[in-house]
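This note's numbering numbers the first residue of the sequence shown as 37 and each following residue consecutively.
For glycine and all other residues, C-beta sits at the position ideal for the given N, C-alpha and C.
Since we're looking at a predicted model, the values are computed, not measured.
Below is one structure, written out as structure tokens; the observations come after it.
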Amino acid sequence: MSIYPIILTQSRFLHRDQLHYPFEERGLQFGDGIYEVIRIYQGNYYLLEEHVDRLFRSAEAIKLKLPYTKTELKELLVELMSRNNMSTDGKVYLQATRGSAPRDHIFPKDVLPNIYAYVQDLPRNIDSLKNGVKTITQRDERWENCYIKSLNLLPNVLAKQTAKENGCYEAILHKNGTVTECSSSNVYMVKDGKIYTHPATNHILHGCVRMAIEKFANDLSIPFIEEAFSVEDIGLADELFLSSSTSEITPITQVDHTEVNNGKPGNITRQIQTAYEKDANIHSAIEA
Ligand code: PDD
Numbered sequence: 037m038s039i040y041p042i043i044l045t046q047s048r049f050l051h052r053d054q055l056h057y058p059f060e061e062r063g064l065q066f067g068d069g070i071y072e073v074i075r076i077y078q079g080n081y082y083l084l085e086e087h088v089d090r091l092f093r094s095a096e097a098i099k100l101k102l103p104y105t106k107t108e109l110k111e112l113l114v115e116l117m118s119r120n121n122m123s124t125d126g127k128v129y130l131q132a133t134r135g136s137a138p139r140d141h142i143f144p145k146d147v148l149p150n151i152y153a154y155v156q157d158l159p160r161n162i163d164s165l166k167n168g169v170k171t172i173t174q175r176d177e178r179w180e181n182c183y184i185k186s187l188n189l190l191p192n193v194l195a196k197q198t199a200k201e202n203g204c205y206e207a208i209l210h211k212n213g214t215v216t217e218c219s220s221s222n223v224y225m226v227k228d229g230k231i232y233t234h235p236a237t238n239h240i241l242h243g244c245v246r247m248a249i250e251k252f253a254n255d256l257s258i259p260f261i262e263e264a265f266s267v268e269d270i271g272l273a274d275e276l277f278l279s280s281s282t283s284e285i286t287p288i289t290q291v292d293h294t295e296v297n298n299g300k301p302g303n304i305t306r307q308i309q310t311a312y313e314k315d316a317n318i319h320s321a322i323e324a
């Protein structure tokens with residue numbers, strides 16, 4: 037997927053070939069940093085406010101001082117898109133680390149964060165939005181602060197790779213049988229007309245799309261219940277779906293070789309998908 041040439045570093049715009057990092061960079065050596073992925077539809081950010089708010093929450097949680105206000109960062113991100121003349125569907129990746137310094141676990145003194153952001157095309161995954169995806173369950177081996185969007189993604193990467201090796205799109209993670217979320221998305225169960233999902237505690241990332249789904253459910257008078265469900269409950273689920281900035285609302289049609297809703301996306305999932313498309317001002321993937 038093509039990356040656009042102009043990138044943002046700190047508060048400057050550069051050609052991407054001009055960005056060079058030293059060996060001793062805290063994001064590279066310690067994963068000492070945070071990131072965001074924000075969806076772009078036809079050259080417009082979707083849920084920008086929510087993502088910038090979360091980036092600042094993550095920064096505060098790891099004691100990293102970002103060199104802008106939220107408004108300044110939003111303006112820089114909008115400028116990044118216009119400098120690249122971007123008008124397609126895509127995403128921005130932004131990361132901020134504690135900076136470049138001789139390797140030492142202790143925070144370096146008087147070092148500025150390293151920040152970069154780039155935009156990239158990302159077409160919507162019409163096939164999975166329309167037909168749903170297969171998943172497997174796996175043990176959630178992550179730390180206790182999953183609400184921080186940290187660069188430390190090794191357990192997530194390993195879980196997703198295992199899913200891929202099993203012909204699946206995502207891994208549904210569980211702690212002692214209690215479902216938390218997926219390796220790079222939030223997960224929801226529909227049962228008796230209600231949507232269930234893990235509460236927004238330290239055990240999951242508080243997804244920006246998750247926040248939007250809560251609002252859509254309220255607007256549609258579908259109960260949105262922040263109550264964890266178990267791997268066992270999944271066996272009795274009427275519908276399952278997942279959400280993220282890149283996957284939108286994707287129906288789950290299979291878990292560990294067992295079909296959900298006879299392998300078809302369910303009615304409530306469809307209603308939430310339609311509400312998302314209306315809110316993001318995009319075409320219907322189902323009719324595509
Ligand atoms: N992942 N949970 C995890 C562990 C995630 O990594 C993500 C997003 C989400 C959904 O968050 P949001 O709705 O704000 O995108 C939940 C991004 C897309 C990524 O790492 O690529």
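Exposure label - THR105; buried when at least 16 CB within 10 Å: Here the question's residue 105 lines up with position 69 in the sequence shown. Of the residues assessed, THR105 falls on the exposed side of the cut-off, its CB having fewer than 16 other CB atoms within 10 angstroms.
Distance cut-off 6 angstroms: SER280 Cβ against heavy atoms of the ligand PDD: Translated into positions along the sequence shown, residue 280 becomes position 244. Answer for SER280: yes, Cβ within range of the ligand PDD.
beta-carbon ASN222 near the ligand PDD non-hydrogen atom, thresh 6 angstroms: As a first step, residue 222 must be located in the sequence shown, where it is residue number 186. For the ligand PDD, a non-hydrogen atom lies closer than 6 angstroms to the CB of ASN222.
LEU190 CB to nearest heavy atom of the ligand PDD below 6 angstroms: If you number the sequence shown from 1, residue 190 lands on position 154. With a cut-off of 6 angstroms, the C-beta of LEU190 is classified as distant from the ligand PDD, since no heavy atom of the ligand falls inside that distance.
7 angstroms Cβ cutoff met for LEU50 and ILE43: The residue given as residue 50 occupies position 14 in the sequence shown. The residue given as residue 43 occupies position 7 in the sequence shown. Taking C-beta atoms as the reference points, LEU50 and ILE43 count as a pair closer than 7 angstroms.
Closest residue to LYS211 among CYS182, LEU187, GLN197 and CYS204 (Cα-Cα distance): Along the sequence shown, read from residue 1 onward, the residue named residue 211 stands at position 175. That would be CYS182, whose Cα lies nearest to the Cα of LYS211.
Any non-hydrogen atom of the ligand PDD closer than 6 angstroms to GLY243 Cβ: The count along the sequence shown starts at 1 and reaches residue 243 at position 207. The answer is yes for GLY243.
Cβ neighbour criterion (16 or more within 10 Å) applied to ILE142: For the purposes of this step, residue 142 is taken as the residue at position 106 of the sequence shown. Exposed, since its Cβ has fewer than 16 Cβ neighbours within 10 Å.
Between the CA atoms of ILE249 and ASP255 - distance to the nearest angstrom: In the sequence shown, residue 255 corresponds to position 219, counting from 1. In the sequence shown, residue 249 corresponds to position 213, counting from 1. One Cα belongs to ASP255, the other to ILE249, and the distance between them is close to 10 angstroms.
Closer than 6 angstroms: VAL215 CB and nearest the ligand PDD heavy atom: Here residue 215 refers to the residue found at position 179 of the sequence shown. Using a cutoff of 6 angstroms, the CB of VAL215 does not count as near the ligand PDD, since none of the ligand's heavy atoms is closer than that.
Cross-strand partners of LEU44 (DSSP beta bridge): Along the sequence shown, one-based indexing puts residue 44 at 8. According to DSSP, LEU44 bridges with PHE49 and ALA153.
Identity of the residues DSSP links to ILE74 by a beta bridge: Within the sequence shown, numbered from 1, the residue matching residue 74 stands at position 38. ILE74 is bridged to VAL128.
Cβ-heavy atom distance, VAL73 to the ligand PDD, below 6 angstroms: The count along the sequence shown starts at 1 and reaches residue 73 at position 37. VAL73: yes, Cβ under 6 angstroms from the ligand PDD.
Residue environment, HIS56, which counts as buried when at least 16 other CB atoms sit within 10 Å: The sequence position of residue 56 within the sequence shown is 20, counting from 1. Exposed is the call here.
Buried versus exposed call for LYS127 [16 or more other C-beta atoms within 10 Å across all chains shown]: As a first step, residue 127 is located in the sequence shown; it is residue number 91 there, counting from the start. Buried, since its Cβ has 16 or more Cβ neighbours within 10 Å.
GLY25, DSSP secondary structure in three states: Outside the displayed range of the chain (37 to 324) lies residue 25, so it cannot be described from this structure.
HIS210 - DSSP class collapsed to helix/strand/coil: To locate residue 210, count along the sequence shown from 1; it is residue 174. Here HIS210 sits in strand by DSSP.
Own chain residues within Cβ distance below 7 angstroms of GLU177, not counting five before or after: Locating residue 177 in the sequence shown gives position 141, where the first residue counts as 1. Its chain contains PRO191 as the residues whose beta carbon lies nearer than 7 angstroms to that of GLU177, once the 5 sequence neighbours on both sides are disregarded; these appear in chain order.
Nearest neighbour of CYS244, chosen from LYS200, SER219 and SER280 [CA to CA]: In the sequence shown, the residue the question calls residue 244 occupies position 208. Comparing Cα positions, the closest option is SER280.
Supposed contact pair ARG62 and GLY69 - C-beta distance, whole angstroms, cut 8 angstroms: Residue 69 sits at position 33 when you count from the first residue of the sequence shown. Residue 62 sits at position 26 when you count from the first residue of the sequence shown. The C-beta distance from GLY69 to ARG62 rounds to 7 angstroms, short enough to meet the 8 angstroms contact threshold.
Reduced DSSP category for LEU278 - H, G, I as helix; E, B as strand; rest coil: The residue labelled residue 278 in the question sits at position 242 within the sequence shown. Assigned with DSSP and collapsed to three states, LEU278 falls in strand.
Per DSSP, cross-strand counterpart(s) of ARG175: On the sequence shown, position 139 is the one that residue 175 refers to. Beta-bridge pairing links ARG175 to HIS210.
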